[in-house]
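Same order as they appear, the protein sequences are chains W and R.
So that you can map any letter, position 15 of the first sequence is 1174 in the numbering used here, and since no number is skipped, the others follow by simple counting.
So that you can map any letter, position 303 of the second sequence is 332 in the numbering used here, and since no number is skipped, the others follow by simple counting.
C-beta: ideal position from N, C-alpha, C; glycine also.
Note that the coordinates shown come from a computational prediction; the quantities given were computed from them, not determined experimentally.
Worksheet: one structure, shown below.
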Amino acid sequence: MIRFENVFKRYPSGREALSGVSFNLQRGEFAFLTGPSGAGKSTLLRLIALIERPTRGTVLINNQNTARISRGRIPPFRQRLGVVFQDHKLLHDRSVFDNVALPLVIAGASRREIERRVRAALDQVGLLGRESHAPITLSTGEQQRVGIARAVAPRPDVLIADEPTGNLDPDLSREIMELFTRFNEVGVTVLIATHDLELIEHLPHRQLRLVAGELAADSGRGDA
Amino acid sequence: MASLRHYLALHRQNLLDAMRRLASQPFASSLTVLVIAIALALPAGLRVLVNNAGALNDSWEGAADFAVYLKIDVSSENAARVARTIGGRPDVANVTLIDRAKALEEFRAKSGFGDALDALEGNPLPHTLVVRPKSGAAGDVEAVAAAVRALPETDLVQLDTAWVTRLRAMLALAGRMVDLATVLLAIAVTIVVGNTIRLEINSRSVEIEVVKLVGGSDGFIRRPFLYLGLWYGLAGAGAAAVIVAMALWALEPPVRAVATLYGSGFELAGLPLRETAILVVGGALLGWAGAWLATARHLGAIEPK
């Protein structure tokens, strides 16, 4: 589902964020992307979301070479991808409902479909009944769950998350990880970048460890 | 079909959202609308003044009258016949014959040169016709004068259209200057809206970034701003129409006073319906164009980080 082949990413400043990274994440797999700050975790996720392009090498998402996706085709590509951010990236001038509905509105879902899916997504993250609230009135953990609801509402094939528990205490962090596990159980491919090794050490999922832009360890390689 | 309905629903949503956004910052929005209104009211108001001057000129029927002096040996009967011939032309409104004998009497009575005239042999004045063409346009008057000049009885046609021509030229010049002002101020309106939208884009960069991240196309992102520009232009044009109407209302009493002094029934005309429609539609289009320029220039710069 997500396949990196000898990927390099060098920024205009000259810093090489990724050097020769190769891995293959199967459809329906769950993996953590670990490593110290500055190891290239965010860069790797940005290559998947097409926020950045690789300097060299190939990134294949769902067997599609991302290098062949033109600028104009990026929006439909991103509509099939769920992304969760450390800072939630919620829009504070609209309600929880409208935040979660945003990708569905963009994709052109009907009003009824939007209502149904937003409620389903909010139910899954345990925030049903908070639709009309302003995000700012929610706790950090709740805001993160709104962000997750928004990412899963369009039922993406792939869910990627950059430090989704970065600002949360251990209990809330565990809840968030359980949420991701549940989405994975219904077939969504999940890749989560985190530096919180304590949180994930008891979880059975595959771990990809980046150090200084190179893949230093892979706990279980998916077949090609 | 469903996607078309969805598309139209999105547009309606954008239209309403943009209006709400304007209403949510009434002070800042009003200032921008007022600047646009003044920029649009200037050419519209000047246009109204030029139109009125043109109407005033057209109503000045006497301007096209000209005098025809017949040859001295033409008899009274012949003069009357020539007057009928000219009066029968389709492009002539009427002809007045001033008989040479009557003219002499009048001249003798009023000029005080009676003794000098007595010294002359016979009547030195010719029969005179005053011709009023139907049309006051310089070319039409010239055509009538040329036809009259070709008659064998005609000695001299005295055509004083120079000042009419000059007035017309001045009006044409004024009209052209209004055209130029219109173009310049239209550019100004586009820039004002473009700049306002640029600020709006900057203040909503987080939203734009998020929409891009969840797969919003450029069109999806651009549309709210285009509608915002459309509203600015529309509101500005509406306010401009009101400003012009108010200015005319303020000018009306003194204009009527002047017209009365000249014994004229002249009345100040407002902006005609057609031109009001052009003003409003044009204003909306300028707003849209300004927004389009701003989005084309600045939306691409906001990419997810």
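Nonlocal neighbours in the same chain, by C-beta distance under 7 Å from residue i, ignoring five residues either side
i, result
"ARG251 of chain R", "THR324 and LEU328"
"VAL186 of chain R", "PHE95, VAL97, ALA174, VAL177 and ARG178"
"ARG1186 of chain W", "MET1160 and THR1348"
"ILE1228 of chain W", "LEU1209 and PHE1236"
"LEU71 of chain R", "ALA210 and LEU214"
"THR1353 of chain W", "PHE1191, THR1193, GLU1322, THR1324 and ILE1359"
"ILE1295 of chain W", "HIS1251"
"THR1214 of chain W", "PHE1167, LYS1168 and ARG1169"
Three-state secondary structure (DSSP) of residue i
i, result
"ASP247 of chain R", "helix"
"VAL64 of chain R", "helix"
"TYR98 of chain R", "strand"
"ARG76 of chain R", "helix"
"SER32 of chain R", "helix"
"ASP128 of chain R", "coil"
"ASP1252 of chain W", "coil"
"GLU281 of chain R", "helix"
"PRO204 of chain R", "Sequence check: residue 204 of chain R is Gly here, not Pro. Note: GLY204 of chain R maps to helix in three-state DSSP."
"GLU134 of chain R", "helix"
"ILE1273 of chain W", "helix"
"SER1378 of chain W", "coil"
"VAL1284 of chain W", "coil"
"GLU90 of chain R", "At GLU90 of chain R the pLDDT is 49, less than 50, meaning the model places this residue with poor confidence; the figure from the coordinates comes in the next sentence. If DSSP states are grouped into helix, strand and coil, GLU90 of chain R belongs with the helices."
"VAL1180 of chain W", "strand"
"VAL113 of chain R", "The sequence given here places Arg at residue 113 of chain R; Val does not occur at that position. If DSSP states are grouped into helix, strand and coil, ARG113 of chain R belongs with the helices."
"PHE295 of chain R", "coil"
"PHE142 of chain R", "coil"
"ALA1268 of chain W", "coil"
"ILE331 of chain R", "coil"
"ASN81 of chain R", "helix"
"ASN107 of chain R", "helix"
Among the options, nearest to residue i - alpha-carbon criterion
i, options, result
"ARG110 of chain R", "R:LYS139, R:LEU158, R:GLU238 and R:LEU39", "R:LEU158"
"TRP321 of chain R", "R:ALA96, R:GLY262 and R:PRO282", "R:GLY262"
"PRO1386 of chain W", "W:GLU1334, W:ARG1341, W:GLY1346 and W:GLU1322", "Beyond the ends of chain W as shown, which are 1160 and 1383, falls residue 1386 of chain W; an answer cannot be given."
"LEU154 of chain R", "R:ASP128, R:ILE216 and R:LEU75", "R:ASP128"
"ILE67 of chain R", "R:VAL273, R:LEU280 and R:ALA313", "R:VAL273"
"ASP1330 of chain W", "W:ARG1309, W:THR1340, W:GLY1300 and W:LEU1350", "W:GLY1300"
"SER293 of chain R", "R:VAL284, R:GLY143, R:ILE237 and R:LEU146", "R:VAL284"
"ARG398 of chain R", "R:ILE226, R:GLU236 and R:GLY168", "Any property of residue 398 of chain R remains undetermined from this structure, which presents chain R solely from 30 to 334."
"ILE1220 of chain W", "W:ARG1230, W:THR1214 and W:LEU1204", "W:LEU1204"
"ILE201 of chain R", "R:PRO333, R:SER59 and R:ALA82", "First, the residue type needs correcting, since residue 201 of chain R is Ala and not Ile in the sequence shown. Nearest C-alpha to ALA201 of chain R: R:ALA82."
"ILE65 of chain R", "R:ILE307, R:HIS35 and R:ILE216", "R:ILE216"
"ALA108 of chain R", "R:GLY312, R:GLU182, R:VAL212 and R:PRO55", "R:GLU182"
"ALA57 of chain R", "R:GLU236, R:VAL222 and R:ILE237", "R:VAL222"
"VAL212 of chain R", "R:LYS131, R:LEU69 and R:LEU63", "R:LEU69"
8 Å CB neighbourhood of residue i in its chain, flanking five on each side removed
i, result
"GLU1175 of chain W", "PHE1167, LYS1168, ARG1169 and GLY1372"
"VAL309 of chain R", "LEU263, ALA266, GLY267 and ALA270"
"GLY116 of chain R", "ASN123 and VAL124"
"LEU1338 of chain W", "GLN1283, VAL1284, ARG1304 and ILE1307"
"TRP317 of chain R", "LEU255, GLY258, LEU259 and GLY262"
"GLU304 of chain R", "ALA73 and ARG76"
Neighbourhood of residue i by C-beta distance below 6 Å, restricted to the same chain and skipping five residues each side
i, result
"SER1378 of chain W", "ARG1365 and GLN1366"
"LYS163 of chain R", "ASP120 and ALA122"
"ALA1268 of chain W", "none"
"ARG1368 of chain W", "THR1193, GLY1194, ALA1375 and ALA1376"
"ILE101 of chain R", "PRO155"
"ILE1233 of chain W", "LEU1209"
"ILE230 of chain R", "HIS327"
"GLU1211 of chain W", "ARG1205"
Nearest-angstrom Cβ-Cβ length linking residue i and residue j, presumed shorter than 8 Å
i, j, result
"VAL287 of chain R", "GLY204 of chain R", "Not quite, the Cβ-Cβ distance comes to about 22 Å (not below 8 Å), so this is no contact."
"THR1193 of chain W", "LEU1356 of chain W", "6 Å"
"GLY244 of chain R", "GLN1238 of chain W", "4 Å"
"LEU1286 of chain W", "VAL1305 of chain W", "6 Å"
"GLY248 of chain R", "VAL77 of chain R", "GLY248 of chain R to VAL77 of chain R, Cβ: 39 Å. No contact."
"THR219 of chain R", "LEU315 of chain R", "5 Å"
"LEU1184 of chain W", "THR1202 of chain W", "About 16 Å; that fails the 8 Å criterion."
"VAL1129 of chain W", "ALA1312 of chain W", "Not covered by the structure: residue 1129 of chain W. The range shown for chain W is 1160 to 1383."
"ARG1309 of chain W", "LEU1261 of chain W", "6 Å"
"VAL1317 of chain W", "LEU1240 of chain W", "5 Å"
"ALA1293 of chain W", "SER1254 of chain W", "6 Å"
"ALA112 of chain R", "LEU126 of chain R", "4 Å"
"LEU280 of chain R", "LEU297 of chain R", "6 Å"
"GLU239 of chain R", "LEU75 of chain R", "One point to set straight first is that residue 239 of chain R is Val, not Glu, in the sequence displayed. Incorrect: roughly 46 Å between the Cβ atoms, too far for contact."
### Task
Using a Cβ-Cβ cut-off of less than 7 Å, give me the residues of the segment 241–256 of chain R that come near chain B, in sequence order.
This model lacks chain B altogether; the protein chains it does include are W and R.
### Task
Could I get the ranges of all uninterrupted alpha helix (DSSP H) runs contained in the segment 1291–1376 of chain W, with 4 residues as the minimum, in chain order?
1299–1311, 1329–1344 and 1356–1359
#### Entry: Ranges of the alpha helix (DSSP H) found wholly within the segment 1186–1250 of chain W, counting only runs of at least 4
1200–1207 and 1233–1238
### Message
Just to confirm the assignment: which complete beta strand (DSSP E) runs, minimum length 3, are found wholly within the segment 155–189 of chain R?
### Response
DSSP runs (the beta strand (DSSP E)) wholly in the segment 155–189 of chain R: 157–162 and 183–187.
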